[in-house]
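The structure appears right after this line, and notes come after that.
In the working numbering, the protein residues as written are 50 to 374.
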């Protein structure tokens, strides 16, 4: 992101595991609703806020991301459209414990944090400061290059295991899914047990606390992303392919990787009600959601089909969240 206009002098301060203070009155706290944060930013900056771009981080992401270009700020939201992660770029005046984090040599920032007693841990993209809940991303030029991005998270992920493959057989990919209203597919259905699905589908990439529930299994060859509750029962099923093609068919209509307008027209001809949303469309009489990823593609293709995604009715309608804890 690049901010062409002057920003407020700041500073914007990271409040560990809570959010970001100083951007607007009341802060940008984790757990706040997307509409509440948008209202705070609009109230604080008015016309100076400029363009906001909305996108999905991935085809199967349930939450939306809002990029505020004038602030060099991206807000990432969870499945209930509540703030779950922050990214800051370039000239955003963000600091922690008196240390400015952006637009300074990467090595200098790390040295200043370590001098204040903050331990860092190297990652593939840069360094994490685990006890403070943020990370720094470096460009490949080395320690003399400025910090490129600061990511702020709501929890300490030091104990979260990295994504890993399970054992088991790698089975031929499923490239054609026939959809069943409210249930899932002919092969995978909501409510099924995680262990039985692994036995049926083969080896998987596990993301999250495997063995403690509430994790996600990703079957790239099958085009499936399966999320489980604490009892290891399937609660969300997403179908979308990366690197190869597959189909998801409902009432004879192929939904994936086709322009949304064509899909919606075919569904209407099949007598299926479609309710358009923001980068999504609900098929309320079938329990299905269609995902689009970003409005930059004029054809706006359908990139994923989702069962079990939370709706607005599932999200508590609190007006706001406390500015501090």
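Here a beta-carbon is modelled for each residue, glycine too, at the ideal position from N, C-alpha and C.
Leaving out five residues before and five after residue 259 in sequence, what residues of the same chain have Cβ atoms less than 6 Å from its Cβ?
For this step, residue 259 is matched to residue 210 along the chain shown. Here residue 259 scores only 49 on pLDDT, less than 50, and its place in the model should not be relied on; the value that follows carries that caveat. Here the set comprises nothing.
Using the rule of at least 16 other Cβ atoms within 10 Å of the residue's Cβ for burial, across every protein chain shown, is residue 293 buried or exposed?
Along the chain shown, one-based indexing puts residue 293 at 244. So residue 293 counts as exposed.
Just list the beta strand (DSSP E) runs in the stretch 186-250, keeping only unbroken ones of 3 residues or longer that don't cross its boundaries, in chain order.
With a minimum length of 3 residues, the continuous beta strand (DSSP E) runs that stay inside the stretch 186-250 are 196-201 and 225-229.
Mark residue 177 as exposed unless 16 or more other C-beta atoms lie within 10 angstroms of its C-beta, in which case mark it buried.
If you number the chain shown from 1, residue 177 lands on position 128. Answer is buried; the Cβ neighbour count reaches 16.
Just verifying my parser: in three-state terms, what is the DSSP assignment at residue 118?
On the chain shown, residue 118 is found 69 positions in, with the first residue counted as 1. In this structure, residue 118 counts as helix in the three-state DSSP scheme.
Give the secondary structure of residue 92 by DSSP, where H, G and I count as helix, E and B as strand, and everything else as coil.
For the purposes of this step, residue 92 is identified with residue 43 of the chain shown, where counting begins at 1. Note: residue 92 maps to helix in three-state DSSP.
Report the option in 109, 63 and 122 whose CA atom is closest to the CA atom of residue 90.
Taking the first residue of the chain shown as position 1, residue 90 is located at position 41. Cα-wise, what sits closest to residue 90 is 122.
For residue 138, which option in 69, 152, 280 and 341 has the closest C-alpha, if you only look at C-alpha atoms?
If you number the chain shown from 1, residue 138 lands on position 89. Among 69, 152, 280 and 341, the Cα nearest to that of residue 138 is on 152.
Does the beta-carbon distance from residue 375 to residue 287 come in below 8 Å?
Outside the shown range of the chain (50 to 374) lies residue 375, about which nothing can therefore be said.
Using a 10 Å radius around the Cβ and a threshold of 16 neighbouring Cβ atoms, would you call residue 74 buried or exposed?
Position 25 of the chain shown, counting from 1, holds the residue named residue 74. Residue 74 counts as exposed, since fewer than 16 other C-beta atoms from the protein chains shown sit within 10 angstroms of its C-beta.
Considering only the alpha carbon of each residue, which of 143, 172 and 338 lies closest to residue 228?
On the chain shown, position 179 is the one that residue 228 refers to. The option with the nearest alpha carbon to residue 228 is 338.
Are the Cβ atoms of residue 220 and residue 250 separated by less than 8 Å?
The residue you call residue 220 lines up with position 171 of the chain shown. The residue you call residue 250 lines up with position 201 of the chain shown. Contact: yes.
Once DSSP output is grouped into helix, strand and coil, what is the label at residue 278?
The count along the chain shown starts at 1 and reaches residue 278 at position 229. Residue state for residue 278 is assigned as coil, using DSSP reduced to three classes.
Mind listing, in chain order, the continuous beta strand (DSSP E) runs of no fewer than 3 residues lying wholly within the stretch 296-325?
296-299
According to the Cβ coordinates, are residue 211 and residue 335 closer than 8 Å?
Residue mapping note: residue 211 aligns to position 162 of the chain shown, counting from 1. Residue mapping note: residue 335 aligns to position 286 of the chain shown, counting from 1. No, they are not a contact pair.
Thinking residue 155 and residue 202 are a contact (beta carbons under 8 Å), I'd like their distance in whole angstroms, please.
By 1-based counting over the chain shown, the position of residue 155 is 106. By 1-based counting over the chain shown, the position of residue 202 is 153. Going by Cβ atoms, the distance from residue 155 to residue 202 rounds to 19 Å, so no, they are not a contact pair.
Quick one: what does DSSP say residue 81 is sitting in, helix, strand or coil?
Along the chain shown, read from residue 1 onward, the residue named residue 81 stands at position 32. In the three-state reduction of the DSSP assignment, residue 81 falls in the coil class, being assigned neither a helical nor a strand state.
By Cβ distance below 7 Å, which residues in the same chain neighbour residue 270 in space, the five residues on each side in sequence not counted?
What you label residue 270 is simply residue 221 of the chain shown in a count that begins at 1. Excluding sequence neighbours, residue 270 sits near 222.
What separation, rounded to the nearest whole angstrom, lies between the Cα atoms of residue 84 and residue 136?
Here residue 84 corresponds to residue number 35 of the chain shown, with the count starting at 1. Here residue 136 corresponds to residue number 87 of the chain shown, with the count starting at 1. Using only the alpha carbons, I get a separation of about 18 Å.
Can you name, in chain order, every residue of its own chain whose Cβ lies under 6 Å from the Cβ of residue 290, other than the five neighbours on each side?
The residue given as residue 290 occupies position 241 in the chain shown. Here residue 290 has 272 as same chain residues with Cβ atoms under 6 Å from its own Cβ, once five neighbours each way along the sequence are excluded.
Relative to the alpha-carbon of residue 194, which residue among 182, 180, 175 and 204 has its alpha-carbon at the smallest distance?
Sequence index remark: in the chain shown, residue 194 carries index 145 (1-based). Of the candidates 182, 180, 175 and 204, the one whose C-alpha sits nearest the C-alpha of residue 194 is 175.
Which residues in the same chain have their Cβ closer than 8 Å to the Cβ of residue 186, if we skip the five residues on either side of it in sequence?
Position 137 of the chain shown, counted from the first residue, corresponds to residue 186. Hits under 8 Å: 174, 175, 196, 197, 198, 199 and 200.
Please go through the same chain and pick out, in chain order, the residues whose beta-carbon is closer than 6 Å to the beta-carbon of residue 235, but skip the five residues on each side of it.
Position 186 of the chain shown holds residue 235. Answer for residue 235: 227, listed in chain order.
What residue from 64, 349 and 113 has the CA that sits closest to residue 146's CA?
Reading the chain shown from its first residue, position 97 is the one you call residue 146. The shortest C-alpha separation from residue 146 is found at 64.
Mind checking which residues open and close the beta strand (DSSP E) that includes residue 101?
Translated into the one-based positions of the chain shown, residue 101 becomes position 52. In the DSSP assignment, residue 101 falls within the unbroken beta strand (DSSP E) covering 101-104.
Is it buried or exposed, residue 279, if we count other Cβ atoms within 10 angstroms and call 16 or more buried?
The residue labelled residue 279 in the question sits at position 230 within the chain shown. So residue 279 ends up on the exposed side.
I need the DSSP call for residue 156, collapsed to helix, strand or coil.
Position 107 of the chain shown holds residue 156. Residue 156 falls in the helix class under three-state DSSP.
Count the other CB atoms within 10 Å of the CB of residue 327; is the residue buried (16 or more) or exposed (fewer)?
Translated into positions along the chain shown, residue 327 becomes position 278. So residue 327 counts as exposed.
Give me, in chain order, the residues of the same chain whose beta-carbon lies closer than 6 Å to that of residue 301; leave out the 5 immediate sequence neighbours on both sides.
Your numbering for residue 301 matches position 252 in the chain shown. None.
Assuming residue 283 contacts residue 240 (C-beta within less than 8 Å), just tell me the rounded distance between them.
Your numbering for residue 283 matches position 234 in the chain shown. Your numbering for residue 240 matches position 191 in the chain shown. Indeed, because the Cβ distance is near 6 Å, the residues count as touching under 8 Å.
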